[in-house]
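Oh and the sequence shown: position 164 is 310 in the numbering used here, straight run, nothing missing. Since the structure comes first, as structure tokens, the remarks are kept for the end.
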Amino acid sequence: MAAITTPGTASKAVQRAPGAVTLRVIAALLGYPDTWQRDNLTEMRSLLRHDDVLKSSRLAEIEALITTLQSGDPLVIEAAYVEMFDRGRATSLHLFEHVHGDSRERGPAMIDLGQTYQSAGLVLNENELPDYLPALLEFVSTQPAREARAFLSEIAHILKAIFGALRERESAYASLLGALLEMAGQKAEAVASAPEQPLDESWAEPVVFDGCSTEGQAKPGQPQPIHIVRKNTNAQGAMR
Numbered sequence: 147m148a149a150i151t152t153p154g155t156a157s158k159a160v161q162r163a164p165g166a167v168t169l170r171v172i173a174a175l176l177g178y179p180d181t182w183q184r185d186n187l188t189e190m191r192s193l194l195r196h197d198d199v200l201k202s203s204r205l206a207e208i209e210a211l212i213t214t215l216q217s218g219d220p221l222v223i224e225a226a227y228v229e230m231f232d233r234g235r236a237t238s239l240h241l242f243e244h245v246h247g248d249s250r251e252r253g254p255a256m257i258d259l260g261q262t263y264q265s266a267g268l269v270l271n272e273n274e275l276p277d278y279l280p281a282l283l284e285f286v287s288t289q290p291a292r293e294a295r296a297f298l299s300e301i302a303h304i305l306k307a308i309f310g311a312l313r314e315r316e317s318a319y320a321s322l323l324g325a326l327l328e329m330a331g332q333k334a335e336a337v338a339s340a341p342e343q344p345l346d347e348s349w350a351e352p353v354v355f356d357g358c359s360t361e362g363q364a365k366p367g368q369p370q371p372i373h374i375v376r377k378n379t380n381a382q383g384a385m386r
């Protein structure tokens, strides 16, 4: 069975740490529901079962989402995806939107984060932004289990915000965010999100992210987690 690779990214050498396959499948499921995704949904279902990382109830929810993506009208599913993830900040899959909003520092941090990916052998398409959650998950899947777990734990507050926004909208995609939180040893619970403005306004100027400098990182080829927010966190639980 071929490995699932998120469209727009390519990994030179993905380490098969426990949970890595599940992270990459979740990344793929969070991507735009195009022909590539539809063609690989059956394989994704099989990979999740074989990786055996998620608890049975969470796996059942994700399999229900996969069934919906397989059986629904592609045009309806694509339109619903755009409406869900591209029309407001609360459900945006670009993590910088949830951390610094319209900060002018976003541009340099995007460059830093992109360089972090390159050091791990991950190459983004020129039209894909580094803070896009599927790309981040593709990166973290290349890290050893301990670093991957710590990374997910560090961004848990952002994942909880998106999880809550998706739950409010009764979106089946919430199960994917819940799975990520549980893989980090966190409870899948929602946190209140601030009132949002339309993304059209927030994209008026370039923005950036604090805490993604490549200074002091490992040399290329050495695993190195990225720190989304400067705060002390202790990874809880385990990715089996």
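We put the CB at the ideal spot given by N, CA and C, even for glycine. No experiment lies behind these values; they were computed from the predicted model shown.
I'd like the list of long-range same chain contacts for residue i, defined as Cβ closer than 6 Å, with 5 residues on each side in sequence excluded.
i: residue 337; result: 306, 307 and 310
i: residue 362; result: At residue 362, the pLDDT of 36 sits below 50, so the modelled position is not reliable; the number obtained from the coordinates is stated separately. Cβ within range, chain order: n/a, list empty.
i: residue 360; result: For residue 360, the predicted structure reports a pLDDT of 34, less than 50, and the residue's modelled location is therefore unreliable. The matter cannot be settled from this model.
i: residue 244; result: 304 and 307
i: residue 207; result: 321
i: residue 332; result: 302
Span of the beta strand (DSSP E) holding residue i?
i: residue 270; result: 268–270
Would you say residue i faces chain B, with C-beta separation under 8 Å as the test?
i: residue 209; result: Note that chain B does not occur in the displayed structure, where there is just one protein chain.
Tell me which residue opens and which closes the alpha helix (DSSP H) that residue i is part of.
i: residue 197; result: 181–197
i: residue 244; result: 242–245
i: residue 300; result: 291–300
i: residue 324; result: 320–329
i: residue 213; result: 202–217
Taking only three categories from DSSP, how would you classify residue i?
i: residue 178; result: coil
i: residue 227; result: helix
i: residue 278; result: strand
i: residue 237; result: coil
i: residue 332; result: coil
i: residue 170; result: helix
i: residue 317; result: coil
i: residue 262; result: helix
i: residue 164; result: coil
i: residue 337; result: coil
Residues in the same chain with beta-carbon distance under 7 Å from residue i, minus the five sequence neighbours each way, listed in chain order, please.
i: residue 266; result: 285 and 288
i: residue 194; result: 168, 171, 200, 205 and 208
Return the chain-ordered list of same chain residues with a C-beta closer than 8 Å to the C-beta of residue i, the five sequence neighbours on each side being excluded.
i: residue 283; result: 152, 169, 170, 172, 173, 176 and 326
### Task
Report yes or no: do three or more beta-carbon pairs, one from the region 321–331 and one from the region 171–185, lie closer than 8 Å?
yes
### Message
Taking contact to mean 3 or more Cβ pairs, one atom from each stretch, closer than 8 Å, check whether the region 264–279 and the region 226–244 are in contact.
### Response
yes
### Query
Does the region 197–204 come close enough to the region 224–234 to have 3 or more Cβ pairs within less than 8 Å?
no
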